[in-house]
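Just below is one structure, and these are the notes that go with it.
There are 2 protein chains.
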Amino acid sequence: MQDEPSTSGKLVAAAAELFGRKGYHATGLAEILAATGLPKGSLYHHFPDGKAGLAMAAADWTATALIRIIDDAFAAAPTYRAGATHYCHKLARLFDITAHDDACPISVLLFDGPENAAFRAHAETVFQRLIEAVAAHARRFGMSDTVAREQAETLLITVEGGWTLARARQKSDVLRSLPMRLFPAPG
Amino acid sequence: MQDEPSTSGKLVAAAAELFGRKGYHATGLAEILAATGLPKGSLYHHFPDGKAGLAMAAADWTATALIRIIDDAFAAAPTYRAGATHYCHKLARLFDITAHDDACPISVLLFDGPENAAFRAHAETVFQRLIEAVAAHARRFGMSDTVAREQAETLLITVEGGWTLARARQKSDVLRSLPMRLFPAPG
Numbered sequence: 001m002q003d004e005p006s007t008s009g010k011l012v013a014a015a016a017e018l019f020g021r022k023g024y025h026a027t028g029l030a031e032i033l034a035a036t037g038l039p040k041g042s043l044y045h046h047f048p049d050g051k052a053g054l055a056m057a058a059a060d061w062t063a064t065a066l067i068r069i070i071d072d073a074f075a076a077a078p079t080y081r082a083g084a085t086h087y088c089h090k091l092a093r094l095f096d097i098t099a100h101d102d103a104c105p106i107s108v109l110l111f112d113g114p115e116n117a118a119f120r121a122h123a124e125t126v127f128q129r130l131i132e133a134v135a136a137h138a139r140r141f142g143m144s145d146t147v148a149r150e151q152a153e154t155l156l157i158t159v160e161g162g163w164t165l166a167r168a169r170q171k172s173d174v175l176r177s178l179p180m181r182l183f184p185a186p187g
Numbered sequence: 188m189q190d191e192p193s194t195s196g197k198l199v200a201a202a203a204e205l206f207g208r209k210g211y212h213a214t215g216l217a218e219i220l221a222a223t224g225l226p227k228g229s230l231y232h233h234f235p236d237g238k239a240g241l242a243m244a245a246a247d248w249t250a251t252a253l254i255r256i257i258d259d260a261f262a263a264a265p266t267y268r269a270g271a272t273h274y275c276h277k278l279a280r281l282f283d284i285t286a287h288d289d290a291c292p293i294s295v296l297l298f299d300g301p302e303n304a305a306f307r308a309h310a311e312t313v314f315q316r317l318i319e320a321v322a323a324h325a326r327r328f329g330m331s332d333t334v335a336r337e338q339a340e341t342l343l344i345t346v347e348g349g350w351t352l353a354r355a356r357q358k359s360d361v362l363r364s365l366p367m368r369l370f371p372a373p374g
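Sequence lines, in order, name chains P and Y. Under my numbering, residue 187 is the last one in the first sequence; the count climbs by one each step, no gaps. Under my numbering, residue 374 is the last one in the second sequence; the count climbs by one each step, no gaps.
See below:
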């Protein structure tokens with residue numbers, strides 16, 4: 001049985017979904033409240049900074065969801081390469097399910113937020129969490145710290161660029177082609 | 188001696204610069220006119236669709252500028268690998284010169300425009316122009332059509348994702364590290 005989401009959890013999930021679909025600047029607090037059915041007071045109780053505070057929490061929420069995909073992809077994989085390949089295929093399915101016009105969830109959480117230094121710094125921390133999640137799997141397969149980090153960065157760079165091209169073409173094929181680009185040699 | 192830019196050329200250059208820096212939706216026609224010193228009538232004379240028409244032209248303008256960088260990078264290169272490496276280094280310098288908060292010029296021209304099917308279709312065409320520009324150099328170095336196209340796509344995917352990570356970190360280093368990721372084997 002899953003726990004009923006908390007009030008702040010409901011607000012963050014609705015904000016993350018709306019920021020991802022419509023963009024941070026185009027989303028009003030009234031829409032977030034309407035999506036949750038919660039009163040305005042509860043939003044300011046949990047997020048005294050309003051939309052800017054919600055943006056920070058939504059970035060964390062999105063990163064946690066993306067890390068769950070990473071961990072699922074690598075969990076049963078016999079090699080790093082197999083895990084990275086599962087990850088790309090899972091993202092292709094995510095692309096097919098979500099509206100094709102959505103920006104990459106990574107770049108949404110990184111850039112489409114309040115124009116302030118605190119959010120920028122937070123965005124970098126969030127990106128590092130994703131890199132670290134992949135690097136942890138790479139180390140588990142025997143890579144050194146340096147190599148694991150390089151591999152993790154390369155995977156996330158490729159996924160980010162691949163999502164962009166998939167979006168331009170309105171087709172997820174390019175996401176499925178990423179493993180072939182990342183690991184061109186047979187075996 | 189360079190030709191004086193045409194009225195429409197001035198409008199497009201100013202629009203491309205403002206869309207790139209502030210975003211399409213946050214840029215008003217009044218700002219574009221103010222940047223050029225031109226009257227409103229001349230904008231509607233050249234772009235009867237107003238901002239939406241300017242977005243199409245600005246995407247083409249940006250693509251042409253990016254293709255010039257690609258051609259410069261590959262012009263004197265002895266190998267495809269050397270050309271791709273020059274291209275990444277040129278982009279790192281571009282990142283250092285422009286404001287670090289700017290989105291990748293490729294993704295700006297692809298996604299931050301009017302929400303209509305015509306612009307989306309145009310964006311895909313523009314992306315294909317960039318891929319074709321790189322693929323033409325790859326073929327010049329003896330690659331088959333298929334391989335040239337794959338290599339070109341991989342380079343643009345990596346550059347797009349690399350720019351995103353550079354922006355998260357506010358540092359261009361990752362753009363300089365792309366050749367090492369694209370061509371890991373020595374030689």
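Think of the CB as a built atom: it goes at the ideal place given N, C-alpha and C, for glycine as much as any other residue.
Between the CA atoms of residue j and residue i - distance to the nearest angstrom
{"i": "GLY161(P)", "j": "THR341(Y)", "result": "9 Å"}
{"i": "SER229(Y)", "j": "ALA308(Y)", "result": "27 Å"}
{"i": "ARG81(P)", "j": "PHE183(P)", "result": "8 Å"}
{"i": "ARG280(Y)", "j": "ARG363(Y)", "result": "9 Å"}
{"i": "CYS88(P)", "j": "LEU352(Y)", "result": "18 Å"}
{"i": "VAL12(P)", "j": "GLY23(P)", "result": "14 Å"}
{"i": "GLY187(P)", "j": "ARG368(Y)", "result": "The predicted model places GLY187(P) with a pLDDT of 41, which falls under 50 and marks its position as unreliable; any figure quoted below should be read in that light. Approximately 19 Å between the Cα atoms of the pair."}
{"i": "ALA189(P)", "j": "ALA16(P)", "result": "No information on residue 189(P) is available, as it lies outside the stretch 1 to 187 that chain P covers here."}
{"i": "HIS212(Y)", "j": "ARG316(Y)", "result": "25 Å"}
{"i": "TRP350(Y)", "j": "LYS277(Y)", "result": "12 Å"}
{"i": "LYS238(Y)", "j": "ALA201(Y)", "result": "12 Å"}
{"i": "ILE131(P)", "j": "ILE157(P)", "result": "10 Å"}
{"i": "THR223(Y)", "j": "ALA35(P)", "result": "43 Å"}
{"i": "VAL313(Y)", "j": "PHE306(Y)", "result": "10 Å"}
{"i": "THR272(Y)", "j": "ALA260(Y)", "result": "8 Å"}
{"i": "ARG140(P)", "j": "ALA77(P)", "result": "11 Å"}
{"i": "ALA323(Y)", "j": "VAL361(Y)", "result": "26 Å"}
{"i": "ALA325(Y)", "j": "ALA339(Y)", "result": "7 Å"}
{"i": "ILE257(Y)", "j": "ILE70(P)", "result": "34 Å"}
{"i": "ALA65(P)", "j": "ALA117(P)", "result": "24 Å"}
{"i": "VAL346(Y)", "j": "GLY196(Y)", "result": "28 Å"}
{"i": "ARG208(Y)", "j": "PRO235(Y)", "result": "24 Å"}
{"i": "PRO192(Y)", "j": "PRO5(P)", "result": "59 Å"}
{"i": "LEU38(P)", "j": "LEU225(Y)", "result": "49 Å"}
{"i": "GLY142(P)", "j": "PHE282(Y)", "result": "35 Å"}
Neighbour-count burial assignment, residue i, 16 or more Cβ in a 10 Å radius
{"i": "SER172(P)", "result": "buried"}
{"i": "HIS232(Y)", "result": "exposed"}
{"i": "ARG255(Y)", "result": "exposed"}
{"i": "GLY240(Y)", "result": "buried"}
{"i": "GLN170(P)", "result": "exposed"}
{"i": "SER331(Y)", "result": "exposed"}
{"i": "MET56(P)", "result": "buried"}
{"i": "LYS227(Y)", "result": "exposed"}
{"i": "ILE97(P)", "result": "exposed"}
{"i": "ALA262(Y)", "result": "exposed"}
{"i": "VAL334(Y)", "result": "exposed"}
{"i": "THR79(P)", "result": "exposed"}
{"i": "GLY270(Y)", "result": "buried"}
{"i": "PRO377(Y)", "result": "One cannot answer for residue 377(Y) here, as it falls past the ends of chain Y, which runs 188 to 374."}
{"i": "MET1(P)", "result": "Any reading at MET1(P) must be qualified, since the residue scores a pLDDT of 46, below 50, and its modelled position is unreliable; the value itself is stated next. Answer is exposed; the Cβ neighbour count stays below 16."}
Inter-residue CB distance, residue i and residue j (contact presumed, cutoff 8 Å)
{"i": "PHE206(Y)", "j": "THR214(Y)", "result": "6 Å"}
{"i": "ALA355(Y)", "j": "GLU150(P)", "result": "Wrong, their Cβ atoms sit about 17 Å apart, outside the cutoff."}
Within chain B, partners of residue i - CB distance below 8 Å
{"i": "ARG93(P)", "result": "Although the question refers to chain B, the structure presented lacks it and instead comprises the protein chains P and Y."}
For the segment 305-328 of chain Y, list every residue whose C-beta sits within 8 Å of some C-beta in chain P, in sequence order.
ARG307, ALA310, GLU311, PHE314
Along the segment 158-176 of chain P, where does the CB come closer than 9 Å to a CB of chain Y? Name the residues.
THR158, VAL159, GLU160, GLY161, GLY162, TRP163, THR164, LEU165, ARG167, ALA168, ARG169, GLN170, VAL174
Contact between the segment 30-39 of chain P and the segment 55-70 of chain P is defined here as three or more beta-carbon pairs at a separation below 8 Å; is this criterion met?
no
If you measure beta-carbon to beta-carbon, which residues of the segment 254-273 of chain Y are closer than 7 Å to chain P?
none
Using a Cβ cut-off of 8 Å, which residues of the segment 330-346 of chain Y contact any Cβ in chain P, in chain order?
GLU337, GLU340, THR341, LEU343, ILE344, THR345, VAL346
Please list the residues of the segment 12-36 of chain P that have a C-beta atom closer than 9 Å to any C-beta atom in chain Y, keeping them in chain order.
GLY23, HIS25, ALA26
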